[in-house]
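Note sheet for the following structure.
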Amino acid sequence: MGSNHRWGGGTEGVRASGTVARPGKAKFAEEERRRREKEKKKEGEEGENRRKAKEKEEEGEGEKKEGKRRKKGGRKREGGWRKKEGGRREGKKQERGRRRKMEKEGKIRKKEGEERRRKKEGKKQRRRGEEGEGERRKEKEERKEKKEGKEKKEGKEKEEEGRGRSKSEGRRKKGGEEARTRGGGRREDKKEGRRESRRRKEGKKQRRRGGRRRRRKKEGDERREGEGGEGGRREVEEGNRRRRRRRRNRIE
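For reference, each letter of the sequence shown is one residue, going 1 to 252 in the working numbering.
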């Protein structure tokens, strides 16, 4: 395994018999040692720098600058984008998120909504060609108003006939105010029903667990199975009835 081995020839690690202990072993060991020494040296230097900075701070010279951020690979700079090591630039979305965060913290001034909107309008007009845009918008709005008026009228007629809106119509947002407020109480009932069925399911599960091993009635035990006595079926049912009555009163 001499000179034509992939780690090159050389005599390191070659035994007297001519067999190779591990090609390049000595070379690797040497590299490793050098790397370790380098790291140690670096750590020493870092420690030194830190110490100096601390001393300066105590003397009151080197106050830390607020809001200065370390420059990173792909941040936006005056000179446009700088690519990261991998060649990928940070996307627009990250930039937008960062901007929002800074706006929140008050580090940069928020773009006023009006300004934003104006910009957008300008863009649209440029895209469509400036003439005809206003006309198109007017037409659109007129159509919308007509449609809404028609729907309102229909809704009123139906209510006058005595047939209120059906459930699905009530949910439609377009039908003016009355549609939105109708069925306001329905949601609570629905929730209540869901809770009730969940409770029932739980009870069922517990009964299934404990119900199969029902103990045999002892002699002289007056309690009829599952009925009277404490915790018997009758007591539970009475409690349920009471609870239901209370709930009904509350809803009314």
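Heads up, the beta-carbon is just placed ideally off N, CA and C, and yes, glycines get one too.
Owing to the predicted nature of the structure, the values given are computational and were not obtained by experimental measurement.
The three-state secondary structure of K153, taken from DSSP, is helix.
Residue burial is scored here from C-beta neighbours: G122 has fewer than 16 other C-beta atoms within 10 angstroms and is therefore classed as exposed. In the displayed model, E57 falls within a helix according to three-state DSSP. When the Cα atoms are used, E135 and K147 turn out to be separated by approximately 19 Å. For G97, the uninterrupted alpha helix (DSSP H) run begins and ends at K92 to E105, by DSSP. Put simply, the backbone Cα of R247 is about 29 Å away from that of G210. Separation of K201 and R143 (C-alpha to C-alpha, rounded to the nearest whole angstrom) is 52 Å. A straight line joining the alpha-carbon of K120 with that of E103 spans about 20 Å. Within the model, the alpha-carbon separation for R109 versus K190 is close to 46 Å. Taken through DSSP and simplified to helix, strand or coil, I108 comes out as coil.
Put simply, of R117, E238, R243 and N249 the residue whose alpha carbon is nearest the alpha carbon of E196 is R243. Under the three-state reduction of DSSP, E252 is assigned to coil, being neither helix nor strand.
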